[in-house]
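Residue numbers (the working numbering), protein chains in the order written: chain D, 28 to 383; chain F, 28 to 383; chain P, 28 to 383. Think of the CB as a built atom: it goes at the ideal place given N, C-alpha and C, for glycine as much as any other residue. Structure first, commentary second.
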């Protein structure tokens, strides 16, 4: 159960530069490619001729040519031509709204009218740098949201990099602001764990002094989690300290459901210090990738445990409030989506003059 | 859905020379081996004692000995002996009609009376040479028939070897002759693609001249496709040109259903030039194997697409006529097979004196 | 279908020395570890907080700490503590009775009151040595019992090591003694097969003389098979010959169902000659492991055959009597277990004052 009328990250831009890409998103099998204007296009990955996957074909002059019998498909899902055939009567396939922006290719899998893309203040801003990656994980997208909205797990899953005992001990605050859920935790006068010592050095700061540390998780629908994280030399205002006294960044998490129990997880980190230092970007990316990969086995085995025990009620503790509130937002969207679908069906019936 | 009262290729002769072979054919798990006279035998792969697969045993003096407890099975499916046991009351297992001929081992999986084997003019003829191989493919056998009865796919799937633009452009003719479906395409005064240039050189002909090219596909039930293919130096009568002015051969395709969605695909090429040139046979076989392997991913992913979208109607264009007509022949056989089974059931009821 | 109110081998002791172990036993997913007193503990592998597998955590001061959010679980299945939480209301998870004895860790997966562990005369006895291993096999545990209670298969499956024609030819006797089933076979004045020649040499005896050989299989519930095996120099009393004239041992087989169609198979050999010769222990273990691995493919493919043909009746010959009688004991236990469960349910209903 995932909202379909929402923008999801479909792929990284460079995944479709060389050849069409087949990717299942929200249970739909989709082919992504670039048209003649180099714009990203998303269609059903299903040739109307004989059901071949269009993703096995290639792009010729901006048109996707089926690799089986040469049908040329247009960006709107209508067949353009096929050798020796008249194609006017060919049934169209679905074309999905797509936008390439903020360094990602976004797709709208639903049939409702697309809304505005989320604003990402740091993207397209030369004072920020971004590095990230993509994991395929066999779990419900909501388990990943839970994971990111409750960072106490860092103490246990990521003990050697970003975990520290004080995370557990610092109180956590969760509030809801419309469709946004915010969970914050502040730790004052603590030792910086290894990842943050690396980041301090990366920003030209000493790595052996006490710091103030913060984590502010923002969930927005359908399943985006942006986390303001950082450390400042202790006693300088924490998150509000001057830029030259802190290392701060935004952990970026876009979770795209593949099926009910698998996801494409686009993770990364945006930082506004030394944005041009590509070696630093690479080093942060490598460290973050290693850290985030530690969650995979836990999430996949948690998912298997839950599938094997559907009758079990899980606990919802204070630390789980971020995930619990995020799921409430998701449930509200799912309900609205269902109501809209039923309304549309009723309108259609009325338009046909059905009277009981 | 496949006809069971039909001859299918079960294996290549050398697959059972050294040891028993287990193979699933038309959903039946079968063991194939050679008896004392070196004749091929096919039985259910199920020991009547404890259900062990007989194919894990070995052949001793022409009898298949179960590898678990030594039961000796006869070629007729009746137990011959077992150490320390009287075997008269042991239930028989099924024995299938088998013929080794034309360089293949053929099996009749149905319970109806076997008909004559198909005649293969080129087989057992010293003027012809044959080379081929076996692929296991996860698709309905009819998708493979479609593939072979519509060679326009060569332009796209096999672009670098036997494909050429003129295949698409040349009109195709399909006719039905009883249970046989014939699809023909002729291309005049074209350049020979790489595979055929190799074949021309193999027959001592120049490879840089224009040629006339032909493709005549013959479907016969249950799922045999023989394709007359070749090129002749242009303007010498095409397919009817004298032998020394052409390179021609027969593409041999025997498709044996394993399950509803998987096949054993026996492919090869028979040629009547330089039949004794074994290096040429090997070179053609290697080239054909490489080319035919290009179809595998397409067929398997097409199958998965069709399973995911059972509601979709596929198009049936003129180029698809060969496959469409072949499926009609298959449907007719399936219907006849079902009617015969129902008739037999009614006869059996009548014989028991059932009166309503 | 397996009895759950029974002691099964859960693991070898050293499997839980370094870290928690996750193992499915009788369809229950279980975590095994050592507590502060180094005693083996078995719990459901399911954290009551969010369903994470506890086996991904670690043991700290004898308590199992969940690797996701730090919940500390007690050996009784009750949560001990969790950072920042009151845990009194946390639902308990199941704790299973466990005993470490005789060189194995035993578990009682049922809810009935545990009975006494089976006595193993040879274990914990310095005159005996033991070596063994663990195989995972995809078959019903009863197929493994059948296999061990009918050693005629040695002639065919283990022809090059312990098989010999005389096994087939020697009559077999099966008797039932309460819940114990005993199958015996004696072969007089035969050649020793290779494994036993190795064992004779290992005991300082000549390996080129005729021997008397014996096999006495003891099945006890739920699925333990101990087999007295050996050879004595011929004419010295066989199994009763003086120790210095024979090589004898006990084949040890503990079969623990994982699911309905898979097992953890703990196999080994206990011997009472040269118990301190560790090189001999290793050599016997290596030889037995190689021999026993020959059964794996047979058992797994037999299982697949039986699943594909549930309608087939298997034969029950005299050689199968050991397995047949063992299955009767198992069926009796299953019936008693079901009756007890129904009785408990009726008692519970009566206690609630239900009157019809």
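Between the CA atoms of residue 246(F) and residue 1(F) - distance to the nearest angstrom: Here chain F has residues from 28 to 383 only, and residue 1(F) is not among them.
Contact residues within the region 272-286 of chain P, judged by C-beta distance below 8 Å to chain F: none
Neighbour list for residue 75(P) in chain D, Cβ cutoff strictly below 7 Å: 342
Interface residues of the region 30-62 of chain D facing chain F [CB-CB below 9 Å]: 49, 56
With 16 other Cβ atoms within 10 Å as the buried cut-off, status of residue 214(D): buried
Start-end ranges of the beta strand (DSSP E) lying completely within the region 60-139 of chain D, minimum 3 residues: 67-71, 85-87, 90-92, 106-108, 125-128, 131-134
Counted within 10 angstroms of its Cβ, other Cβ atoms place residue 279(P) as buried (16 or more) or exposed: buried
Run of the alpha helix (DSSP H) containing residue 176(D), from where it starts to where it stops: 168-176
Cβ-based burial, residue 242(F) [other Cβ within 10 Å; buried from 16]: buried
As assigned by DSSP and simplified to three states, the class of residue 180(F): helix
Beta bridge counterpart(s) of residue 246(D) as assigned by DSSP: 208(D), 252(D)
Neighbour list for residue 117(D) in chain F, Cβ cutoff strictly below 7 Å: 342
Exposure label - residue 115(D); buried when at least 16 CB within 10 Å: exposed
Residues of its chain near residue 51(P), where Cβ-Cβ distance is below 6 Å and the 5 sequence neighbours each way are ignored: 285
Unbroken stretches of the alpha helix (DSSP H), 4 residues or longer, contained in the region 261-338 of chain F: 305-335
Interface partners of residue 336(D) on chain P, CB under 8 Å: 73, 78
At least three beta-carbon pairs within less than 8 Å, the region 213-229 of chain P to the region 353-363 of chain P: no
According to DSSP, residues forming a beta bridge with residue 51(P): 56(P)
Per-residue contacts from residue 339(D) into chain P (C-beta, under 9 Å): 73, 75, 78, 118
Residue 38(D) classed as buried or exposed, judged by whether at least 16 other C-beta atoms fall within 10 angstroms: buried
Under 8 Å from the C-beta of residue 103(F): neighbouring residues of chain D: Neighbours of residue 103(F) on chain D: none; closest Cβ ~45 Å, over 8 Å.
Contact list for residue 471(P) against chain F, beta-carbon separation under 8 Å: Given that chain P is displayed from residue 28 to residue 383, the structure contains no residue 471(P) and the question cannot be resolved.
Under 8 Å (Cβ pairs) to chain P, residues found in the region 184-213 of chain D: 184, 195, 196, 198
Three-way DSSP call (helix, strand, coil) for residue 345(D) in this model: helix
Residue 197(D) - containing beta strand (DSSP E), residue span: That residue, residue 197(D), is in no beta strand (DSSP E); it is neither H nor E in DSSP.
Residues that residue 329(D) contacts on chain F, provided the C-beta gap is smaller than 7 Å: Here the premise fails: no neighbours, minimum Cβ distance about 28 Å.
Sufficient close CB pairs (3 or more, under 8 Å) joining the region 62-79 of chain P to the region 310-321 of chain D: no
Residues from the region 351-371 of chain D in contact with chain P, defined by Cβ distance under 8 Å: none
Beta-bridge pairing of residue 241(D) - partner residues as DSSP gives them: 213(D), 257(D)
The region 344-352 of chain P contacting the region 364-377 of chain F, beta-carbon criterion three pairs below 8 Å: no
Same chain only: Cβ atoms within 6 Å of residue 109(D), ignoring 5 sequence neighbours per side: 98
Same chain, Cβ closer than 8 Å to residue 383(P), five either side skipped, listed in chain order: Low confidence applies here, because residue 383(P) scores a pLDDT of 44, under 50, leaving its location unreliable and the question unanswered by this model.
Helix, strand or coil at residue 373(F) according to DSSP, with G and I counted as helix: helix
Assigned secondary structure, residue 158(F) (DSSP; H/G/I helix, E/B strand, else coil): strand
Minimum Cβ-Cβ distance from residue 136(F) to chain P less than 7 Å: no
Residues that residue 164(D) bridges to, as DSSP identifies them: 290(D)
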